[in-house]
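Sequential numbering of the sequence shown, starting at 30, is according to this note's numbering.
Where a beta carbon is used, it is the ideal one built from N, C-alpha and C, also for glycine.
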Amino acid sequence: MLQAQRLFAASAPITGTLAERYLASRGIDDGANIAALRFHPRCFYWPDEDAPKQSFPAMIARVTDADGAITGVHRTWLHSGLHSGLRPGGAPAQPSVMDRRAMGFLLGHGVRFGENCDVAVAGEGVETTLSLRCALPTLPLIAALSASHLGALLFPAGLRRLYVAQDDDAAGDHAFARLSERGGETGVEIIGLRPARDDFNSDLRDLGPDHLRRIVRAQLAAADANAFAVG
30 MLQAQRLFAA SAPITGTLAE RYLASRGIDD GANIAALRFH PRCFYWPDED APKQSFPAMI
90 ARVTDADGAI TGVHRTWLHS GLHSGLRPGG APAQPSVMDR RAMGFLLGHG VRFGENCDVA
150 VAGEGVETTL SLRCALPTLP LIAALSASHL GALLFPAGLR RLYVAQDDDA AGDHAFARLS
210 ERGGETGVEI IGLRPARDDF NSDLRDLGPD HLRRIVRAQL AAADANAFAV G
């Protein structure tokens, strides 16, 4: 855990970095204002345990517990795309993901966007969860980083309702079922949010933010649609 804390502290805000460009390529334009994300230009990387140590640029996501204490980090190593030529139509190649790995204690915790309140949204990946900020910019969001970790997410104190932004696959269904069972035991209402495509980032990129907002708002409880949604 100390190693994860040191890596996050050694990283910089993502404004003007490859990480900001990468998020923008996924349709997420407000990444520079997210405190849980940072950028390291030379993050150590081993393809496997016998390979020599290398370093590549990486987006660093802070994993915290419900009280805000850092428990780990999630690293997304990035290719810049600058040497990949042009895409059809003459547009420059976009940044792409080289690899992803976590460090520290993740189970039950997540990457948190926004302050705790009695309503929250939990999803799997960072990009999928951040896509929902287009529709829910003021609602607390938690990226659990995988379907199995999503199902094991620890509920923050005082949580009354949890929306589960599940991917459209069997793993997402299983995570929702696990959370629903645990919610029934603890008095937390669990409501699923379904994307139109395979996940909410696909919805954002293929359909646009306004369409995504309508998709999500239609699935919210009326009180939350009025309190949190925009447009």
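State buried or exposed for residue i, treating a residue as buried only when at least 16 other CB atoms are found within 10 Å of its CB.
| i | result |
| --- | --- |
| F142 | buried |
| T167 | exposed |
| S231 | buried |
| T215 | exposed |
| W106 | buried |
| D58 | exposed |
| G154 | buried |
| V140 | buried |
| V193 | buried |
| A64 | exposed |
| V126 | exposed |
| G152 | buried |
| G101 | buried |
| G97 | exposed |
| P86 | buried |
Alpha carbon to alpha carbon, how far is residue i from residue j?
| i | j | result |
| --- | --- | --- |
| Q32 | A247 | 42 Å |
| A41 | Q83 | 20 Å |
| A256 | R243 | 15 Å |
| S201 | F73 | What sits at residue 201 in the sequence shown is Gly, not Ser. Between G201 and F73, the C-alpha separation is close to 31 Å. |
| R284 | H240 | What is shown of the chain runs 30 to 260, which leaves residue 284 out entirely. |
| H103 | A252 | 33 Å |
| G187 | N145 | 9 Å |
| V148 | L174 | 20 Å |
| A61 | F184 | 27 Å |
| L135 | R71 | 23 Å |
| R234 | Q34 | 33 Å |
| G133 | F37 | 12 Å |
| D79 | R130 | 17 Å |
| S179 | G137 | Looking at the sequence provided, one finds Leu at residue 179 rather than Ser. Going by the C-alpha atoms only, they are around 8 Å apart. |
| D94 | P169 | 14 Å |
| P224 | I89 | 26 Å |
| P81 | D197 | 38 Å |
| G213 | I219 | 8 Å |
| A53 | G45 | 11 Å |
Any heavy atom of the ligand SAH inside 7 Å of the beta-carbon of residue i?
| i | result |
| --- | --- |
| D96 | Of ligands this structure carries none, so the ligand SAH is not represented either. |
Residue i and residue j look like a contact to me (Cβ under 8 Å); what is the Cβ gap, rounded to whole Å?
| i | j | result |
| --- | --- | --- |
| Y43 | F68 | One detail in the question is off: residue 43 reads as Ile in this sequence, not Tyr. With a Cβ gap of about 5 Å, I43 and F68 count as contacting. |
| V245 | L159 | The pair is not a contact, with the Cβ atoms about 13 Å apart (cut-off 8 Å). |
| L182 | L208 | 7 Å |
| L161 | F205 | Contact doesn't hold; Cβ gap of about 16 Å is too wide. |
| R50 | E156 | Actually they do not touch by this definition, with Cβ atoms about 14 Å apart. |
| P124 | L66 | Actually they do not touch by this definition, with Cβ atoms about 14 Å apart. |
| H203 | A176 | 7 Å |
Length at least 3, wholly inside the region 92–168: the beta strand (DSSP E) runs in chain order: 99–108, 125–133, 139–142, 148–152
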